[in-house]
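S.K.: The structure is given below, and queries will be raised subsequently.
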Amino acid sequence: MKLTKEMEREYLESGGGRCPYCKSTNLNTDGFEEGSASERVSCVNCDMEWVDCYQLVGITELDQ
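Numbering (the working numbering), first residue to last: 6 to 69.
Following this line, the structure appears as structure tokens:
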């Protein structure tokens, strides 16, 4: 199945967490790698795979 622009839009608007192909929440991820801003995700339900790409959007100062 090909990822359509509509599927991508719905996935991004929902904040991820669901398979863009079958809408399942039963997902596996490989976690983040050092210096990386992406995460490989696979759907346990339909076996489709994709990469979530992240963007730095702000910074929060921590209490010391």
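Cβ coordinates follow ideal geometry from the N, Cα and C atoms, glycine included.
Here's a check: name, in chain order, each residue in its chain whose Cβ is nearer than 8 Å to the Cβ of L8, leaving out the five neighbours to either side.
M.R.: The residue given as residue 8 occupies position 3 in the sequence shown. Sequence-distant partners of L8 (beyond 5 residues in either direction) whose C-beta falls short of 8 Å from its own C-beta, in its chain, are P25, Y26 and W55.
S.K.: How many angstroms separate the CA atom of D57 from the CA atom of Q69?
M.R.: Indexing the sequence shown from 1 puts residue 57 at position 52. Indexing the sequence shown from 1 puts residue 69 at position 64. Each residue's alpha carbon lies about 32 Å from the other.
S.K.: Can you give me the Cβ contacts of K28 inside the same chain, cut-off strictly under 8 Å, excluding the 5 residues immediately before and after it?
M.R.: Here residue 28 refers to the residue found at position 23 when the sequence shown is read from its first residue. Cβ neighbours of K28 beyond the five flanking positions: none.
S.K.: Which whole-angstrom value is the C-beta distance of G50 and N33, which I expect to be below 8 Å?
M.R.: Counting from 1 along the sequence shown, the entry for residue 50 is found at position 45. Counting from 1 along the sequence shown, the entry for residue 33 is found at position 28. The residue you asked about is not Gly; residue 50 is Asn in the sequence shown. That belief does not hold up - the Cβ atoms of N50 and N33 are roughly 11 Å apart, past 8 Å.
S.K.: Could you tell me the alpha carbon to alpha carbon distance between V62 and S19, rounded to whole angstroms?
M.R.: Indexing the sequence shown from 1 puts residue 62 at position 57. Indexing the sequence shown from 1 puts residue 19 at position 14. C-alpha separation (whole angstroms): 17 Å.
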